[in-house]
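Residue numbers (full-length UniProt numbering), protein chains in the order written: chain A, 1 to 360; chain B, 1 to 324. Structure, as structure tokens:
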Ligand SMILES: Cc1ncc(C[n+]2csc(CCOP(=O)(O)OP(=O)(O)O)c2C)c(N)n1
């Protein structure tokens, strides 16, 4: 069991100054200026993706979008701690994780445009598609991790979920199973303070990280807007899992700057002052200040990253707008792995109906 | 008063809370936000946080604790945010809530109302457009109802809350913004278990419920222009089913088309068809036909117009019966 953490792990302060924390600093000692710029770059690009997708929704090109604005460090930092063969179980907001796993920007929007139930091939990037039913992926990550362990594979899984999700029975059960099996799974809670309109106080009266305690799972609370600190604690958790030491629970303290989804109106339930407080702790600005302070940020680099982000956004936009509506008869595809007569019959019915419509 | 479906429910909940201090609301985001569909808008402000309770994000917990409150004499009204999220509460509903009265030889009642926005037609993502009504209709001990108009939304929510049995209350979400005149002073004009004849007709009977009633009425209008008069029945109660009203109509028209957006296979249409066939065998001029969703997971938003019964598919079925 780890020591009880009384404060969130932090390696960089909001103004860009480093924090002297030898224990966690050592976990990211290899992160030089070049690697830090990479983290900065991925955060800038994923924010650009998010802003573009939000705009696409406002323009009617997407039915819905769940913004990650403000959570870039939690997602990019943790994703960079993973090995390519580790498996990611996500909820619906992990766009930056998907990007870091190598999902091309062109593939990020199909679900939200309503043309498909999925966006990318899960096994290609070792990351599931969006899980909309809150909390269930905790169990899946645990089962997958256990199976990998049985196979003798040295991999970890990671389950991403929100603060609200910790109230679901599925997550409690996942923690119990993971502990009992000593499963190589990392529970990564992005505590963005809100579950739609409900503040985290509705879910818990103790820090969420302490939930892990009751299951005998080590927990760590980290400043989720500090990409280095998130990288450090996730690396340690992944390493623990991969070497057979069992599960870890990470609570990344962050904030959802935008609405829950584009269908939500946060002005009904939270104050501008609250949001402003967190705006002062912006995760991207923090790395920029750090790089700037240490003389590792040139105007050319910033410009280059902006250019790259614009290019990614352009690809996302074009691909989204050009996504055709699917052929209606494809509805019957893949309902079963082995087609059965009812599907064949209904596909024919719909085809006939469509053909009639085309004639009249 | 001209009101939306959602606002009619809001007034119904407000009146029920005014009339009985034991009526409490539980759910996710129902307080300050007023629910994602705003059905509970302003109620927390007016009744306080102990009567309009923002719960942790846990459906099994919501129904299980509401059940506990009911055992203590409260009349909880639960909101499940979307149809696809009732499944975590399924065990509580079917194993506990539905069975308690029977299991205790009638000593213990569970006067719970579980409100579930259901069905498609709003361009939503996965798990937000489901029609899970048959899972509940198949469970003894539960009443299952679904209003289709603002007026019924108001009267039926009042009836559901005052009933001593647990009621699964399905709200067709694509009708939330429909407007109509609602008499907030009058008493309900029908018992909760009765169907409502919406239009009189002689050529065929069309039974629908929830989101598809309006579709059936549109089909009836088009049919009328083509010289066929359809009798459209809004089922309203999915368990029990008001077979009398349907049978009376079918005895007259000789033809029945059942419409729902849930998958047809093992759907409510099958139950209605079987019962009507039994009752009206000698009056039926044609086989009973069903028009419904396909037997697939609810498709992505861009395809839902093909999946949901539209007037065209209803009329095609009507034509088939008329030709028989
Ligand atoms: C089982 C279930 N219940 C309800 C919902 C509706 N819903 C979608 S997201 C959400 C809030 C989730 O909050 P949290 O877990 O903190 O994650 P966040 O959205 O903040 O990332 C709710 C209530 C759902 N998707 N699944």
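Cβ coordinates follow ideal geometry from the N, Cα and C atoms, glycine included.
Task: The alpha helix (DSSP H) enclosing residue 43 of chain A, as first and last residue numbers - done: Where residue 43 of chain A is concerned, the enclosing alpha helix (DSSP H) stretches over 33–58.
Open item on the list: Tell me which residue opens and which closes the beta strand (DSSP E) that residue 189 of chain A is part of.
Closed with: From DSSP, the beta strand (DSSP E) with residue 189 of chain A extends over 185–191.
Open item on the list: If I measure Cβ to Cβ from residue 355 of chain A and keep anything under 6 Å in the same chain, skipping five residues before and after, which residues do I get?
Closed with: Closer than 6 Å at Cβ, skipping near neighbours: no residue.
Task: Sub-9 Å separation of residue 25 of chain A and residue 36 of chain A beta-carbons - done: With a cutoff of 9 Å on beta-carbon distance, residue 25 of chain A and residue 36 of chain A are scored as not near each other.
Open item on the list: Measuring only the C-alpha atoms, how far is residue 43 of chain B from residue 156 of chain B?
Closed with: Using only the alpha carbons, I get a separation of about 19 Å.
Task: Distance between beta carbons of residue 145 of chain A and residue 185 of chain A, contact taken as under 8 Å - done: Confirmed, Cβ separation roughly 4 Å.
Task: Reference residue 84 of chain A; option with closest CA among A:99, A:93, A:73 and A:74 - done: Nearest neighbour of residue 84 of chain A by Cα position, chosen from A:99, A:93, A:73 and A:74, turns out to be A:99.
TODO: Mind listing the chain A neighbours of residue 182 of chain B? Cutoff is C-beta to C-beta under 8 Å, in chain order.
DONE: The premise fails here: residue 182 of chain B is roughly 25 Å from chain A at the closest Cβ pair, so nothing lies under 8 Å.
Open item on the list: Rounded to the nearest angstrom, what separates residue 136 of chain B and residue 291 of chain B at their Cα positions?
Closed with: About 21 Å.
Task: Contacts around residue 280 of chain B, its chain only, beta-carbon distance under 6 Å, and the 5 residues preceding and following it disregarded - done: Correct list, in chain order: 247, 250 and 251.
- [ ] Give me whichever residues DSSP pairs with residue 195 of chain A in a beta bridge.
- [x] Note: residue 195 of chain A sits in a beta bridge opposite A:198.
- [ ] For the stretch 62–92 of chain B, enumerate the residues whose C-beta is nearer than 8 Å to any C-beta of chain A, in chain order.
- [x] Within the stretch 62–92 of chain B, the residues whose Cβ lies closer than 8 Å to any Cβ of chain A are, in chain order, 84, 85, 87 and 88.
Open item on the list: My output table needs one value for residue 153 of chain A: the three-state DSSP class, helix, strand or coil.
Closed with: Correct three-state label for residue 153 of chain A: coil.
Open item on the list: Tell me whether the stretch 307–327 of chain A and the stretch 45–53 of chain A touch, counting them as touching only if at least three CB pairs, one residue from each stretch, are closer than 8 Å.
Closed with: Touching, yes, given that three or more Cβ pairs across the two stretches are closer than 8 Å.
TODO: Rank B:99, B:66 and B:95 by C-alpha distance to the C-alpha of residue 115 of chain B and give the top, closest one.
DONE: With respect to the C-alpha of residue 115 of chain B, the residue from B:99, B:66 and B:95 having the closest C-alpha is B:66.
TODO: Compare the beta carbon distance of residue 30 of chain B and residue 59 of chain B with 9 Å and say whether it is the shorter of the two.
DONE: No, the pair does not count as a contact, with Cβ atoms beyond the cut-off.
TODO: Give me the Cα-Cα distance between residue 194 of chain A and residue 294 of chain A, rounded to the nearest whole angstrom.
DONE: Going by C-alpha positions, residue 194 of chain A is about 35 Å away from residue 294 of chain A.
- [ ] Reducing DSSP to helix, strand and coil, say where residue 282 of chain B ends up.
- [x] Correct three-state label for residue 282 of chain B: coil.
- [ ] Could you tell me if the beta carbon of residue 256 of chain A falls within a distance shorter than 8 Å of some heavy atom in ligand 1?
- [x] Ligand 1 approaches residue 256 of chain A closely enough that one of its heavy atoms is under 8 Å from the residue's Cβ.
Task: Neighbour-count burial assignment, residue 173 of chain B, 16 or more Cβ in a 10 Å radius - done: Flag for residue 173 of chain B reads buried.
Open item on the list: Just to confirm the assignment: which complete alpha helix (DSSP H) runs, minimum length 4, are found wholly within the stretch 97–121 of chain A?
Closed with: Here the runs fully enclosed are 110–113.
Open item on the list: Please classify residue 311 of chain A as buried or exposed, where buried requires at least 16 other C-beta atoms within 10 Å of its C-beta.
Closed with: Exposed, since its Cβ has fewer than 16 Cβ neighbours within 10 Å.
TODO: Using a threshold of 9 Å, state whether the C-beta atoms of residue 188 of chain A and residue 159 of chain A are closer than that.
DONE: Cβ atoms of residue 188 of chain A and residue 159 of chain A: closer than 9 Å.
Open item on the list: Looking at ligand 1, does it come within less than 8 Å of residue 132 of chain A, judged from the CB to the closest heavy atom?
Closed with: Checking the Cβ of residue 132 of chain A against ligand 1 gives yes.
TODO: Compile a chain-ordered list of the residues in the stretch 108–125 of chain A whose CB is closer than 9 Å to at least one CB of chain B.
DONE: The residues in question are 110, 111, 112, 113, 114, 115, 116 and 117.
TODO: Report whether the distance from the Cβ of residue 29 of chain B to the nearest heavy atom of ligand 1 is below 8 Å.
DONE: Under cutoff, so the answer is yes.
Open item on the list: In whole angstroms, give me the CA-to-CA distance for residue 78 of chain A and residue 94 of chain A.
Closed with: Residue 78 of chain A and residue 94 of chain A: Cα-Cα distance of roughly 11 Å.
- [ ] Tell me residue 113 of chain B's beta-bridge partners as DSSP assigns them.
- [x] For residue 113 of chain B, which the question treats as bridged, DSSP gives the partners B:77 and B:167.
Open item on the list: List, from N- to C-terminal side, the alpha helix (DSSP H) runs of 4 residues or more that fit wholly inside the stretch 223–253 of chain A.
Closed with: If we require 4 residues or more, the alpha helix (DSSP H) runs fully inside the stretch 223–253 of chain A come out as 227–242.
TODO: Enumerate in chain order the residues of its own chain whose CB-to-CB distance from residue 182 of chain A is below 6 Å, with the five nearest sequence positions on each side excluded.
DONE: These residues qualify, in order along the chain: 246.
Open item on the list: Per DSSP, what are the beta-bridge partners of residue 293 of chain B in this structure?
Closed with: Paired residue(s): B:263.
Task: Any C-beta of chain B under 9 Å from that of residue 137 of chain A - done: Not closer than 9 Å to any Cβ of chain B, the Cβ of residue 137 of chain A fails to qualify, so no.
Open item on the list: So that I know if they touch, is there some Cβ in chain A lying closer than 9 Å to that of residue 95 of chain B?
Closed with: Taking Cβ atoms only, chain A never reaches closer than 9 Å to residue 95 of chain B, which makes this a no.
Open item on the list: My output table needs one value for residue 235 of chain B: the three-state DSSP class, helix, strand or coil.
Closed with: DSSP places residue 235 of chain B in coil when its eight states are reduced to three.
Task: Euclidean distance between Cα positions of residue 45 of chain B and residue 210 of chain B - done: Those two C-alpha atoms are separated by around 30 Å.
- [ ] List in chain order: all unbroken beta strand (DSSP E) runs of 3+ residues lying wholly within the stretch 197–243 of chain B.
- [x] DSSP runs (the beta strand (DSSP E)) wholly in the stretch 197–243 of chain B: 204–208, 230–234 and 237–239.
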